[in-house]
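Student: Under the UniProt record's numbering, the first residue of the sequence shown carries the number 2, and numbering increases by one thereafter.
Just dropping this structure here.
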Amino acid sequence: TRTPVNVTVTGAAGQIGYALLFRIASGHLLGADVPVKLRLLEIPQGMKAAEGTAMELDDCAFPLLKGIDIFDDPNKGFEGANVALLVGARPRTAGMERGDLLSANGGIFKPQGAAINAHAADDIKVLVVGNPANTNALIAQAAAPDVPAERFTAMTRLDHNRAISQLAKKTGADVTDIKRLTIWGNHSATQYPDVFHAEIAGKNAAEVVNDELWLADTFIPTVAKRGAAIIDARGASSAASAANAAIDHVHTWVNGTAAGDWTSMGIPSDGSYGVPEGIISSFPVTTKDGKYEIVQGLDINEFSRARIDASVAELVEERDAVRELGLL
Ligand code: NAI
């Protein structure tokens with residue numbers, strides 16, 4: 002029998018947590034043969050609700066779920082963690098300046114990074130979902146100097162999945178026919194969903210679409226502003242789809258991309274494609290044996306270059322702002 006994998010989830014009592022935990026426990030995160038132990042991390046005000054969620058997890062009698070522990074101390078929550086999903090974050094409230102948002106999140110992600118550094122398992126893999134996800138991942142990474150930097154990743158898989166779905170609707174293709182789509186840059190309104198290297202049933206997606214105006218004026222804004230459209234329609238932010246994307250991100254990281262395809266992950270830049278080294282930006286990546294590699298050698302046209310550069314510039318500004326706040 003396999004040793005259970007320890008999965009720490011922060012913000013466990015929140016709406017993404019509620020959509021996420023049951024799928025982790027039923028084997029969708031790591032595989033249908035991998036037992037898991039859940040470590041739920043909340044703030045004191047969230048402990049009671051997290052206990053309620055844990056009761057429901059018990060009530061599912063999931064064969065793969067070998068334990069649930071709940072903590073409000075990051076040092077305990079990350080103890081022995083093999084996978085950490087950092088979902089809990091401080092949302093932007095009306096009138097909040099970017100500096101206030103970044104410093105409030107620094108107060109969460111810096112101590113969590115330090116706790117990961119001190120207590121997580123050697124093979125720890127971290128996915129940051131809580132926004133601003135890329136920069137929160139950078140803050141946590143900077144606080145964990147003993148953990149290889151590449152283990153800190155940020156989620157752009159929801160944007161990736163949204164883009165696939167929009168492209169499928171436009172072209173009448175099945176989502177499974179769409180490969181090699183890329184989200185570049187920040188998980189924010191500046192993100193760039195790139196179809197120029199994507200394929201639809203083996204044909205170049207940009208050629209199949211053959212409508213640059215639709216790309217510029219409909220597709221890109223629809224993907225980038227989908228979060229706001231969901232809030233508008235549902236009266237609450239994306240939760241099940243965000244949880245689904247977190248499952249996809251980690252599952253792909255651990256289990257590999259399919260031959261001939263790639264995915265999008267926010268990862269520390271190695272300088273590829275002119276993205277400054279060190280910032281956590283979304284790239285096209287292939288994964289194998291728990292490791293990822295940036296897809297190299299893609300030809301970046303002018304349309305793409307301008308949009309990648311704009312999103313990367315925003316990430317550089319965020320990095321500079323958290324550096325000034327002493328968070329790096
Ligand atoms: P929510 O407000 O329902 O839940 C957040 C939970 O985090 C709360 O239970 C809160 O008590 C907890 N929390 C706050 N600070 C914490 C800390 N220091 N340690 C542990 N837990 C803490 O929010 P929801 O809807 O679950 O969203 C969570 C985050 O995910 C938000 O920042 C949201 O913007 C982000 N998000 C990111 C997406 C992406 O694509 N990267 C997509 C959708 C949401």
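Glycine is no exception: its CB is placed at the ideal position from the N, C-alpha and C atoms.
Does DSSP put D271 in a helix, in a strand, or in coil?
Tutor: In the structure shown, D271 sits in coil (DSSP, three-state: anything other than H, G, I, E or B).
Student: Between which residues of its own chain and A20 is the CB-CB distance below 6 angstroms, once the five residues before and five after are set aside?
Tutor: Result list for A20: A240, A241 and A244, in chain order.
Student: DSSP on W215, reduced to helix/strand/coil?
Tutor: DSSP places W215 in helix when its eight states are reduced to three.
Student: Using the C-alpha atoms, what's the distance from A169 back to R152?
Tutor: Whole-angstrom Cα-Cα distance: 32 angstroms.
Student: Grab the span of the beta strand (DSSP E) containing S282 for me, first residue to last.
Tutor: It spans I281 to K289 - the beta strand (DSSP E) in which S282 sits, taken as one unbroken run.
Student: To the nearest angstrom, report how far apart D78 and F72 are at their CA atoms.
Tutor: It should be pointed out that residue 78 corresponds to Gly in this sequence rather than to Asp. Each residue's alpha carbon lies about 6 angstroms from the other.
Student: May I have the straight-line CA-CA distance separating R91 from N135, to the nearest angstrom?
Tutor: Spanning the two alpha carbons is a distance of roughly 14 angstroms.
Student: Answer yes or no: does any C-beta atom of chain D fall closer than 8 angstroms to that of G275?
Tutor: Note that chain D does not occur in the displayed structure, where there is just one protein chain.
Student: Which partner residues does Y19 have in the DSSP bridge list?
Tutor: According to DSSP, Y19 bridges with nothing at all.
Student: Touching or not, the stretch 271 to 283 and the stretch 313 to 328, by the rule of three or more beta carbon pairs under 8 angstroms?
Tutor: Contact holds: three or more Cβ-Cβ distances are below 8 angstroms.
Student: Measuring straight from C-alpha to C-alpha, what distance separates D160 and D175?
Tutor: Their backbone Cα atoms lie some 18 angstroms apart in a straight line.
Student: Under DSSP, the alpha helix (DSSP H) around E294 begins and ends at which residues?
Tutor: First-last for E294: K292 to I295, but that is the beta strand (DSSP E), not the alpha helix (DSSP H).
Student: Quick check on N245: does DSSP put it in helix, strand or coil?
Tutor: Looking at N245 - three-state DSSP - the assignment turns out to be helix.
Student: Shorter than 7 angstroms, the distance from the beta carbon of S238 to the closest heavy atom of the ligand NAI, or not?
Tutor: For the ligand NAI, at least one heavy atom lies less than 7 angstroms from the Cβ of S238.
Student: With 16 as the cutoff for other CB atoms within 10 Å, does T157 come out buried or exposed?
Tutor: Classification of T157: buried, given that the 10 Å Cβ count is 16 or more.
Student: Quick check: the stretch 59 to 73 against the stretch 29 to 41, are at least 3 beta-carbon pairs closer than 8 angstroms?
Tutor: Touching, yes.
Student: Do M156 and the ligand NAI come close, with the Cβ less than 7 angstroms from some heavy atom?
Tutor: Yes, the beta carbon of M156 sits closer than 7 angstroms to at least one heavy atom of the ligand NAI.
Student: Looking only at its own chain, which residues have a Cβ that is under 8 angstroms from the Cβ of L329, when we skip the five neighbours before and after it?
Tutor: If we look at L329 and ignore the five residues flanking it on each side, its Cβ neighbours are L139, I140, A143, R320 and V323.
Student: Leaving out five residues on either side along the sequence, give the residues of the same chain with a beta carbon under 8 angstroms from the beta carbon of N76.
Tutor: A116, A119 and H120, listed in sequence order.
Student: Give, in chain order, every unbroken run of the beta strand (DSSP E) that is at least 3 residues long and sits entirely within the stretch 116 to 177.
Tutor: Qualifying beta strand (DSSP E) stretches, in chain order: 126 to 129 and 153 to 155.
Student: Can we count V130 as close to the ligand NAI, meaning its CB is less than 7 angstroms from some heavy atom?
Tutor: Answer for V130: yes, Cβ within range of the ligand NAI.
Student: Just checking residue 331 against the ligand NAI - is the residue's beta carbon closer than 7 angstroms to any of the ligand's heavy atoms?
Tutor: The question about residue 331 has no answer here: the residues shown for the chain are numbered 2 through 329.
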